[in-house]
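*Asks:* First the structure, which I've put down as structure tokens, then a few questions once you've had a look.
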Amino acid sequence: MEKNIIYNEDCLNALSKIPDNSIDCIVTDPPYGTKTTFRDGWMVGERSNVMPLVLPELFRVLKDDGAFYCFTSFSKMSEWLLRFEQYFKLHNIIIWDKQRHSGCYSSNAWQYTWEGIFFGTKNSRKVREYMPDVIRSTQKGKKKAMEKPVDILQQLIKASTDKGMIVLDPFMGTGSTIEACITTERNYIGIEINKDFYKGVENRIEMLKSQTKLF
Ligand SMILES: C[S@@+](CC[C@H](N)C(=O)[O-])C[C@H]1O[C@@H](n2cnc3c(N)ncnc32)[C@H](O)[C@@H]1O
């Protein structure tokens, strides 16, 4: 199986090229089940829900002792939890404390300042460090609304993999997971349907490689 590769296609196509039980860890932030179009890189509108189709494929490619981290949104959490637990053993809902509001205001609700991350396994895998289930990071410096902080992704990856293991992100967006893999010396497989985002990830990888050569 090829590693350190990114695909520009529907993840259901790309996942069909990945063998059974071959991935050490999945770290992903799926589209939130609303139909989505992109305006200046910001998600708006609605997209049909891909989770019911993608979860059996993620279960198939993950190693028996593999780990799965899945970002969620408040609006999708209950539905996704039921779907997630159809396939994976849920060990935690890790809370990412953003330490400030997300920018989405509602006069009917408290301000949204956290995100939940499901942590599950296929069978069992020990976490490598004794980790608290609340992690903190602001989103300082991010360029797109959907972009996840690399330091959070690095923590998740380090908790469940060793150097050289393979991490998959089937919805890589701006490529934050790929950067977290490169900077922690893990191998990666990334998939993104949107051509512009895919090209952005290609550039991001090139930039990281040239920075690595400098040091
Ligand atoms: C929430 S965003 C991920 C953001 C990412 N975590 C980051 O830090 O930039 C979800 C991504 O999934 C992509 N996507 C949606 N449906 C897809 C599909 N069927 N196959 C592959 N990518 C898809 C969207 O284009 C979007 O970039």
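Okay, so the sequence shown: first residue is -4 according to my numbering, each after it adds one. The beta-carbon is built from N, C-alpha and C at its ideal position, and this holds for glycine as well.
Buried or exposed, going by whether 16 or more other CB atoms sit within 10 Å of the CB of D128?
*Replies:* In the sequence shown, residue 128 corresponds to position 133, counting from 1. D128 should be labelled exposed.
*Asks:* Look up G159 in the DSSP assignment and say whether it is helix, strand or coil.
*Replies:* Taking the sequence shown and counting its residues from 1, the one referred to as residue 159 is at position 164. The three-state reading of DSSP puts G159 in coil, since its state is none of H, G, I, E or B.
*Asks:* Any idea what DSSP makes of A104, helix, strand or coil?
*Replies:* Here the question's residue 104 lines up with position 109 in the sequence shown. DSSP places A104 in coil when its eight states are reduced to three.
*Asks:* Less than 7 Å separating the Cβ of N198 from some heavy atom of ligand 3?
*Replies:* Looking at this structure, you won't find ligand 3 anywhere; what it does contain is ligand 1.
*Asks:* How long is the line joining the alpha carbons of G170 and R199, rounded to whole angstroms?
*Replies:* By 1-based counting over the sequence shown, the position of residue 170 is 175. By 1-based counting over the sequence shown, the position of residue 199 is 204. Answer to the nearest angstrom: the Cα atoms are 7 Å apart.
*Asks:* Quick check on this structure: which residue in N87, S17, F83 and V196 has the alpha carbon closest to the alpha carbon of A175?
*Replies:* Numbered from its first residue, the sequence shown carries residue 175 at position 180. Of the candidates N87, S17, F83 and V196, the one whose C-alpha sits nearest the C-alpha of A175 is V196.
*Asks:* Taking C-alpha atoms, which residue in E142, S132 and K153 lies nearest to E124?
*Replies:* Here residue 124 is taken as the residue at index 129 of the sequence shown, counted from 1. The residue with the shortest Cα to Cα distance from E124 is K153.
*Asks:* Thinking just about the alpha-carbon of each residue, which of F54, I147, T67 and T179 is nearest to the one in L203?
*Replies:* Residue numbering aside, residue 203 sits at position 208 when the sequence shown is read from its first letter. For L203, the nearest C-alpha among the options comes from T179.
*Asks:* Taking 8 Å as the threshold (C-beta atoms), are C65 and P25 in contact?
*Replies:* Reading the sequence shown from its first residue, position 30 is the one you call residue 25. Reading the sequence shown from its first residue, position 70 is the one you call residue 65. In contact: P25 and C65 (Cβ atoms closer than 8 Å).
*Asks:* Taking the alpha-carbon positions, what's the I188 to I1 distance?
*Replies:* On the sequence shown, residue 188 is found 193 positions in, with the first residue counted as 1. On the sequence shown, residue 1 is found 6 positions in, with the first residue counted as 1. Rounded to whole angstroms, I188 to I1 spans 11 Å at the Cα level.
*Asks:* For the candidate residues K194, V45 and K12, whose alpha-carbon lies nearest to that of V56?
*Replies:* Against the sequence shown, residue 56 aligns to sequence position 61. V56 has its Cα closest to that of K12, out of K194, V45 and K12.
*Asks:* Just to confirm, is the Cβ distance from I130 to Q149 under 8 Å?
*Replies:* Counting from 1 along the sequence shown, the entry for residue 130 is found at position 135. Counting from 1 along the sequence shown, the entry for residue 149 is found at position 154. Against a cut-off of 8 Å, the Cβ pair of Q149 and I130 comes out as no contact.
*Asks:* Distance check for G61 and E201, CA to CA, integer angstroms please.
*Replies:* Here residue 201 corresponds to residue number 206 of the sequence shown, with the count starting at 1. Here residue 61 corresponds to residue number 66 of the sequence shown, with the count starting at 1. Near 28 Å, if we compare the C-alpha coordinates of G61 and E201.
*Asks:* With a threshold of 16 other CB atoms inside 10 Å of the CB of R95, please say whether the residue is buried or exposed.
*Replies:* Here the question's residue 95 lines up with position 100 in the sequence shown. Its Cβ having fewer than 16 others within 10 Å, R95 is exposed.
*Asks:* Quick check on DSSP: helix, strand or coil for F83?
*Replies:* Counting from one through the sequence shown, the residue named residue 83 turns up at place 88. Residue state, collapsed to three classes: coil.
*Asks:* Between the C-alpha atoms of G168 and S102, what's the straight-line distance to the nearest angstrom?
*Replies:* Indexing the sequence shown from 1 puts residue 168 at position 173. Indexing the sequence shown from 1 puts residue 102 at position 107. Computed Cα separation, rounded: 30 Å.
*Asks:* Using DSSP with H/G/I as helix, E/B as strand and the rest coil, what is I147?
*Replies:* The sequence position of residue 147 within the sequence shown is 152, counting from 1. Of the three classes helix, strand and coil, the one that applies to I147 here is helix, per DSSP.
*Asks:* Which residues in the same chain have their Cβ closer than 8 Å to the Cβ of K58, if we skip the five residues on either side of it in sequence?
*Replies:* Reading the sequence shown from its first residue, position 63 is the one you call residue 58. Closer than 8 Å at the Cβ level, and outside the excluded window around K58, lie N16, S17, I18, D19 and K117.
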